[in-house]
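The numbering used here runs 15 ahead of the 1-based position in the sequence shown. Note that CB positions come from ideal geometry on N, CA and C, so glycine has one too. All values reported here derive from a predicted model rather than from experimental measurement. Please read the structure below before turning to the comments.
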Amino acid sequence: YDNGVKLATRSDGIDITGKIYPTGNIHMPDNIGIKLGAGNDLNIWHYQTDNKSYLSLVNTSTLKIHNTTDDETMAQFIPNGAVELYYDNSKKLETDSTGIFVNGALRGDTVDLADSKKILLGSGDDLEIYHDGSNSYLVNGANAGNLYLQTYGENSVKCIANGAVELYYDGTK
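Right, dumping it as structure tokens:
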């Protein structure tokens with residue numbers, strides 16, 4: 016174009032100088048990828064196996080998903096590390112070597128744990144809630160202080176560490 020080479024053949028394919036402006040879809044067969052970057056460090060593949068289609072993104076460093084204006088992180092996938100999910104550019108969920116961490120409220124219809132799996136509360140896991148298959152347990156740790164069961168701010172049952180158990184009715188012991 017205008018005395019400049021824009022498309023040239025070579026022994027291993029073609030060279031394109033400039034941008035590509037397709038007027039229709041670009042069709043590629045299954046199991047063929049697009050390699051991007053000077054070191055081919057980002058690969059995008061569509062492949063089909065067992066009558067199922069897959070999209071594969073292969074990246075040599077952190078894979079980030081941003082919004083269309085590129086000013087908000089939506090997700091990050093870190094090789095040999097965390098997966099991070101964001102809401103309004105604020106990290107809400109991440110994985111680590113021990114499981115997941117949620118920054119904010121954990122909401123849902125059900126928390127379903129197998130027998131003897133525990134819900135641990137407190138910075139020292141001071142309170143345990145679990146079911147062992149036969150019995151249910153609410154365990155207050157050794158250094159956790161007293162255990163109070165309340166209804167609308169009034170004591171119903173007060174379990175004093177190494178001491179008495181007090182029962183209340185309408186706020187009266």
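- Looking at 131, 54 and 32, the one whose alpha-carbon comes closest to that of residue 146 is 131.
- For residue 160, there is no enclosing beta strand (DSSP E), as DSSP gives it neither H nor E.
- The residue from 107, 178 and 76 with its alpha-carbon nearest to that of residue 94 is 76.
- The continuous beta strand (DSSP E) containing residue 154 extends over residues 151-155.
- Taking C-beta separations shorter than 8 Å and ignoring five residues to either side along the sequence, the partners of residue 117 in its chain run 107 and 108, following chain order.
- Here DSSP, grouped into helix, strand and coil, assigns residue 146 to strand.
- Under the three-state reduction of DSSP output, residue 23 falls in the strand class.
- With distances taken between CA atoms, residue 18 lies nearest to 32 out of 32, 174 and 25.
- As computed with DSSP, residue 50 is found in a beta bridge with 58.
- Here DSSP, grouped into helix, strand and coil, assigns residue 102 to strand.
- Beta-bridge annotation (DSSP): residue 168 is not paired with any residue.
- Across the structure, residue 52 and residue 74 are spaced so that their CA atoms are roughly 10 Å apart.
- Of the residues assessed, residue 169 falls on the exposed side of the cut-off, its CB having fewer than 16 other CB atoms within 10 angstroms.
- Minimum Cα-Cα distance from residue 66 among the listed residues 46, 154, 55 and 40 corresponds to 46.
- Contact check for residue 97 against residue 88 fails: the beta carbons are separated by 9 Å or more.
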